[in-house]
Amino acid sequence: MRGTGDRYIAPGCLLCREGAKLVLFVTGRCERGCWYCPLSADRKGVDRVWANDREVSSDDDLLAEARAMSALGTGVTGGDPLLVPERVAHCCRVLKEAFGPAHQVHLYTGQAPTADDLRPLVGLVDELRLHPPHADWGRILETPYPGAVRAARSLGFAVGIEVPSLPGIEALAALLPLVDFLNINELEWGDTCADGMRARGLELADPAGNAVAGAEAWARPLLGHEKVRFCSSAFKDAVQLRRRMLRIAVNTARPFDEVSEDGTVVYGLIRPDGGVDEAVAALGLSGEEYAVVDGAVELAWDRLAAGRGAVSGAMAVVERYPNRGMIVEVTPL
Ligand code: SF4
């Protein structure tokens, strides 16, 4: 797909940057042990499934999260999704049946799959993103990856390489004639790879962010090529994640939730000393102006702030990711 300036943009990237792509993490298992692996400790090696930040245990859970963000596509990731190919096929079939064949699916893998590996995914996955091991980059044409690219293209997949920016990345230019795209993710610092990063003398570019110093410079020799795209750590956080959260927030916010410009939701919460009914009456709430969750009353934060003299109990303003996601901040009132 051609973008501005006639540069190729993977279809999956177009949806991702609009925040319209569900991130489907199908397993934390992976047989590689990349020293820069960004997986968090709670997912690494764990054979469970998450859709965005929500753990999934049924098809309904998967579809609910996709609907919550009005997803237009899905990125299947891990770990290595090709260690659980039946699970991948099942999830992709569920998504394509629910949202139609135009629901764009891209799949990440650390493997170099064969045509036999990929055939069951034809029609379920649209785009493949291969991640060859860093140790192989200097001899990439002698590895199984060129064969995997050819096999995948012959089956009709769009095929690209997706790797973090690391020293020596310019060697991957040898693959450019074969692939549709090469995506370079700015190398990010993570809890589980911090020791490996320190052992190699790496450090953060800015203590306020996750990008590793020097990562953009390593990628620079490739950046002029029309098939190459660089995805910065700041862009991922500031644009992709924010847009995805906003889509979810707009779809799932309750009438009294305030949606912030970052895509979080903000509401007031009181655990009344007296009964819930008493607090609701004292605050003059009715209908959709409140919800009772685990014995607490949730309502518009400014309404609680204005009425706090009328009730007693622990009160706070809560900011969290949408759809009951991670709590970002609790400010006592
Ligand atoms: S292939 Fe990907 S998931 Fe597996 S260890 Fe490397 S970076 Fe982590």
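Position 323, counted from 1, in the sequence shown is what my numbering calls 323; the numbers after and before it change by one each time, with no gaps. Even for Gly, the Cβ is constructed at its ideal location relative to N, Cα and C.
Use the C-beta contact count for residue i: other C-beta atoms within 10 angstroms, 16 or more gives buried, fewer gives exposed.
i: D47; result: exposed
i: V330; result: exposed
i: P322; result: buried
i: G3; result: Note on G3: pLDDT 47, under 50, position unreliable in the model; the coordinate value appears next. Exposed is the call here.
i: Y8; result: buried
i: I327; result: exposed
i: G12; result: buried
i: L304; result: buried
i: P132; result: buried
i: G28; result: buried
i: P221; result: exposed
i: S154; result: exposed
i: L15; result: buried
i: R247; result: buried
Indicate, with yes or no, if ligand 1 has a heavy atom lying under 7 Å from the CB of residue i.
i: R32; result: yes
i: G79; result: yes
i: G309; result: no
i: L39; result: yes
i: H106; result: no
i: G110; result: yes
Let me check understanding here. Comparing Cα to Cα, which of the options lies closest to residue i?
i: L241; options: L172, C30 and D53; result: D53
i: G138; options: A174, S165, C37 and T109; result: A174
i: D80; options: F157, M69 and R129; result: R129
i: L72; options: D42, G78 and A20; result: A20
i: R308; options: S58, F256 and D273; result: D273
i: L285; options: A310, T264, T27 and V266; result: A310
i: A66; options: R32, H103, R153 and G78; result: H103
i: L333; options: E288, G325, S312 and T27; result: S312
i: L107; options: G75, P207 and E86; result: G75
i: T252; options: D206, A281, R320 and L304; result: R320
i: L166; options: F157, V259 and R200; result: R200
i: A148; options: G78, L178 and W301; result: L178
i: F99; options: R119, A112, A64 and T109; result: A64
i: C237; options: E188, V266, V259 and E162; result: Here the sequence assigns Asp to residue 237, which means Cys is not the residue at that position. Closest by alpha carbon: E188.
i: V259; options: V280, V105, V318 and E278; result: V318
Can you round the beta-carbon distance between residue i and residue j to whole angstroms, since I take them to be within the 8 Å contact cut?
i: T192; j: A151; result: At roughly 32 Å, the Cβ-Cβ gap does not stay under 8 Å, so T192 and A151 are not in contact.
i: D117; j: L82; result: 7 Å
i: F181; j: A10; result: 5 Å
i: R243; j: E55; result: About 23 Å; that fails the 8 Å criterion.
i: F230; j: I184; result: 5 Å
Please confirm if residue i has its CB atom under 8 Å from at least one CB of chain B.
i: L204; result: No chain B appears in the structure shown, which is made up of a single protein chain.
Please indicate yes or no: does the CB of residue i lie closer than 7 Å to some heavy atom of ligand 2?
i: H131; result: Inclusion of ligand 2 in the displayed structure is not the case, the ligand content consisting of ligand 1 alone.
Practice item. Examine the Cβ distances between the region 115–126 and the region 77–93 and report whether three or more of them are shorter than 8 Å. Key: yes
Check your understanding: Is it a yes or a no for the region 22–39 touching the region 213–233, going by three-plus beta-carbon pairs under 8 Å?
Key -> no
**Study point:** Three CB pairs or more closer than 8 Å across the region 131–148 and the region 189–203
**Key:** no
**Study point:** Given 8 Å, three or more beta-carbon pairs between the region 251–271 and the region 288–305
**Key:** yes
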